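Residue numbers (this note's numbering): 2 to 135.
These notes are about the structure you will find just below.
Here you go:
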């Protein structure tokens with residue numbers, strides 16, 4: 002009989018884990034709205050888009066477009082640059098850009114982790130027969 006210590010299994014996050022809830026809430030807040038998802042994809046395809054351009058592309062009031070853009074900025078999915086494109090009076094326009102580095106590095110790993118947690122929770126909630134069919 003061996004007296005070597007047995008390594009403890011790493012603790013798995015559960016649906017009650019605060020990190021899990023925070024991850025689901027963050028993704029839902031940023032992309033739970035179909036218009037916001039479309040706006041994100043538009044900015045990704047058209048880097049440097051302004052709120053006015055986004056509003057025109059989606060038939061929105063510019064204030065509504067600004068709200069969606071700001072939610073994506075707050076979530077870390079877009080970044081904003083302020084600058085003038087032409088000489089003249091008035092407020093410089095805000096131009097929005099996708100934060101590709103974070104999307105390709107951090108979000109993809111978080112997405113995989115989130116999917117694994119969601120799958121684990123689904124399997125836990127299903128009965129053995131349903132889980133096997135799945």
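C-beta atoms are modelled at their ideal positions from N, C-alpha and C, and glycine is treated no differently.
Because the structure is a prediction, the values reported are computed rather than measured.
DSSP places residue 80 in the uninterrupted beta strand (DSSP E) bounded by 79 to 84. Rounded to the nearest angstrom, the gap between the Cα atoms of residue 43 and residue 90 is 28 Å. Around the C-beta of residue 92, fewer than 16 other C-beta atoms lie within 10 Å, and the residue is accordingly described as exposed. For residue 35, the closest alpha carbon among the candidates 25, 27, 26, 69 is that of 69.
For the set 62, 45, 128, the Cα lying nearest the Cα of residue 52 is the one of 62.
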